[in-house]
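Notes to accompany the following structure.
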Amino acid sequence: MSTPPSPLWEVFIRARRGLNHVHAGSLHAADAETALRNARDVFTRRNEGVSIWVVPSSEITASSPDERDAFFDPAGDKVYRHPTFYDVPEGVEHL
Amino acid sequence: MAQVYGNDFGTPDQQPGRPQMPPGPADLDPETFVELLADEDRVEPRDDMPAAYRKTLVRQIAQHAHSEIIGMQPEGNWISRAPSLKRKAILMAKVQDEAGHGLYLYSAAETLGVDRADLIDQLHSGRQKYSSIFNYPTLTWADVGAIGWLVDGAAITNQVPLCRCSYGPYSRAMVRVCKEESFHQRQGFEILWTLSHGSPAQRAMAQDAVDRYWWPSLMMFGPPDDDSPNSAQSMAWGIKRFSNDDLRQRFVDMTVPQSEALGLTLPDPEIRWNDERGHYDFGTIDFTELFEVVKGNGPCNAERMAHKVKAHEDGAWVREAAAAYAAKHAVAEGAA
Chain S
0 MSTPPSPLWE VFIRARRGLN HVHAGSLHAA DAETALRNAR DVFTRRNEGV
50 SIWVVPSSEI TASSPDERDA FFDPAGDKVY RHPTFYDVPE GVEHL
Chain V
0 MAQVYGNDFG TPDQQPGRPQ MPPGPADLDP ETFVELLADE DRVEPRDDMP
50 AAYRKTLVRQ IAQHAHSEII GMQPEGNWIS RAPSLKRKAI LMAKVQDEAG
100 HGLYLYSAAE TLGVDRADLI DQLHSGRQKY SSIFNYPTLT WADVGAIGWL
150 VDGAAITNQV PLCRCSYGPY SRAMVRVCKE ESFHQRQGFE ILWTLSHGSP
200 AQRAMAQDAV DRYWWPSLMM FGPPDDDSPN SAQSMAWGIK RFSNDDLRQR
250 FVDMTVPQSE ALGLTLPDPE IRWNDERGHY DFGTIDFTEL FEVVKGNGPC
300 NAERMAHKVK AHEDGAWVRE AAAAYAAKHA VAEGAA
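Protein chains in written order, with numbering that gives the first Met the number 0: chain S, 0 to 94; chain V, 0 to 335.
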């Protein structure tokens, strides 16, 4: 008799207060609680974090690498979204 | 209560009681919250926090979010009439940013256990407010410049210290907002620069816009410190870092030299450099106007709310269609 394959979990770690949780990696575990404990042991053995989130990998919807160019194209030609697009006259400060 | 881009204050008849010092409820571990504040550290969503701190944050962040969303209206008014394709593209990008900022802030509020739909409902029913600056009309194209330069300038002055606010999700949202805002003020300045170096009529239009927006921009910082009991509590909680008057002075000090560069006059004959203080002096602000606008008696209060509610209702079919589409595909996937 074989056990069913355990699901994959994505692990997000908050390194310290005030920072976002950031993706650290993934691991297999039978349930969320085990995933959390395993994530602690795998990713925070040297105090790398103060908080952990685990999310089932199957629940993540990702953009497709094949469509990357078309997907991100709309932002490509909008240079006016950056402050450097605008001329600031000589000597004018705090703009 | 009125919210001015992250500045929390009310009219004199709405003032709360004495500031309440942390900790709040008895079941709270006082060590944790008080120590976090003492260490200038961040409070994160799952930490214990006094109920009053949570309530203040929900109100402030929600009203900040509402301000971003309502703030799309005065400028959106000029998208179809922008003087060139370039100006139109820039204005669309800016209004789009404001929508994004509203969403960051609603998300930050939701980390405190409230629901976005409920906050929007409170705005629509008048139980929550937004910045009173958006209750002034945009009569000419120059007003778009004045809003970028003065209103966004005042907002940035207020929002930069909020990047160090004690509540983590709010401070992180403000970091993103401030980074994106950096082009807003410059584009406003550039509009006014172009007009003030144009024909006499264009120059007059720029001066008129500055004349109308200067005082309301100063009011964005809220009542004077002596008359702002909310501030003491917010400063004790690390939500607010500088007093209303300090921020207002900082804004005046940055803006007066910029107005000189523009060749435009700020409508206050009392503005002059004070060598002793190391700051610009300026005239007395008529706060009765501010409180009238906060109470709902500004030029555009009714129009702004009616437009917001209508936009929400007109969009109902989009939300229903999206939900129906998702439900249909969930059924199809379940069957497969």
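In this text, a Cβ means the ideal position worked out from N, Cα and C, and glycines have one as well.
Residue i (DSSP reduced to helix, strand or coil)
i	result
R276 of chain V	coil
A145 of chain V	helix
T153 of chain V	Note that residue 153 of chain V corresponds to Ala in the displayed sequence, not to Thr. Helix at A153 of chain V.
P136 of chain V	coil
S106 of chain V	helix
W357 of chain V	The requested residue 357 of chain V does not occur in the structure, where chain V is confined to residues 0 to 335.
L7 of chain S	strand
D26 of chain S	It is worth fixing the name first, because residue 26 of chain S is Leu in this sequence and not Asp. DSSP places L26 of chain S in strand when its eight states are reduced to three.
Y52 of chain V	helix
I59 of chain S	coil
D96 of chain V	helix
V292 of chain V	helix
G101 of chain V	helix
W236 of chain V	coil
N300 of chain V	helix
W192 of chain V	helix
A334 of chain V	helix
P222 of chain V	coil
T264 of chain V	coil
L111 of chain V	coil
H81 of chain S	coil
G314 of chain V	coil
R58 of chain V	helix
E92 of chain S	coil
N37 of chain S	helix
F241 of chain V	coil
T2 of chain S	coil
G75 of chain V	helix
S258 of chain V	helix
Q248 of chain V	helix
R171 of chain V	helix
Y324 of chain V	helix
A116 of chain V	helix
C-alpha distance - residue i paired with residue j, whole-angstrom precision
i	j	result
L161 of chain V	K239 of chain V	7 Å
Q158 of chain V	I60 of chain V	12 Å
H278 of chain V	S106 of chain V	38 Å
G282 of chain V	A50 of chain V	40 Å
A74 of chain S	P199 of chain V	37 Å
T43 of chain S	A23 of chain S	10 Å
M71 of chain V	N46 of chain S	44 Å
S1 of chain S	G333 of chain V	26 Å
V42 of chain V	R53 of chain V	11 Å
M0 of chain V	V57 of chain V	Interpretation of M0 of chain V is limited by its pLDDT of 38, a score under 50 that renders its predicted location unreliable; the figure taken from the coordinates is listed afterwards. Between M0 of chain V and V57 of chain V, the C-alpha separation is close to 13 Å.
V41 of chain S	S25 of chain S	10 Å
V33 of chain V	F84 of chain S	44 Å
A69 of chain S	A61 of chain S	15 Å
P256 of chain V	W213 of chain V	14 Å
H123 of chain V	E97 of chain V	19 Å
Beta-ladder partner(s) of residue i, from DSSP
i	result
I69 of chain V	According to DSSP, which records beta bridges pairwise, I69 of chain V is partnered with nothing at all.
Y166 of chain V	V:V42
I12 of chain S	S:V21 and S:I51
R271 of chain V	V:D280
Buried or exposed by the 16-neighbour rule on C-beta atoms within 10 Å, applied to residue i
i	result
V49 of chain S	exposed
V317 of chain V	exposed
F133 of chain V	buried
V251 of chain V	buried
N273 of chain V	exposed
A108 of chain V	buried
I59 of chain S	exposed
R185 of chain V	buried
P145 of chain V	Before going further, note that residue 145 of chain V is Ala rather than Pro in the sequence given. So A145 of chain V counts as buried.
S83 of chain V	exposed
K93 of chain V	buried
D142 of chain V	buried
N243 of chain V	buried
Residue from the options whose Cα sits closest to the Cα of residue i
i	options	result
S57 of chain S	S:T2, S:E9 and S:A34	S:E9
E269 of chain V	V:I284, V:L84, V:P298 and V:R211	V:I284
H20 of chain S	V:Q95, V:D274, V:S165 and V:P44	V:P44
P6 of chain S	S:R80, S:P64 and S:A28	S:A28
D86 of chain S	V:I190, V:L118, V:G125 and V:V42	V:I190
P4 of chain S	S:D30, S:D68 and S:R16	S:D30
V293 of chain V	V:T139, V:M219 and V:A203	V:M219
V78 of chain S	V:E179, V:L122 and V:Y169	V:E179
V91 of chain S	V:T110, V:W192, V:P136 and V:H183	V:W192
L102 of chain V	V:C164, V:D40, V:A326 and V:Y169	V:Y169
D117 of chain V	V:H65, V:H183, V:A81 and V:S165	V:H65
Y129 of chain V	V:M91, V:H311, V:K87 and V:Q62	V:Q62
- Taking a Cβ distance cut-off of 7 Å, strictly less, list which residues of the region 80-112 of chain V are near chain A, in chain order. This model lacks chain A altogether; the protein chains it does include are S and V.
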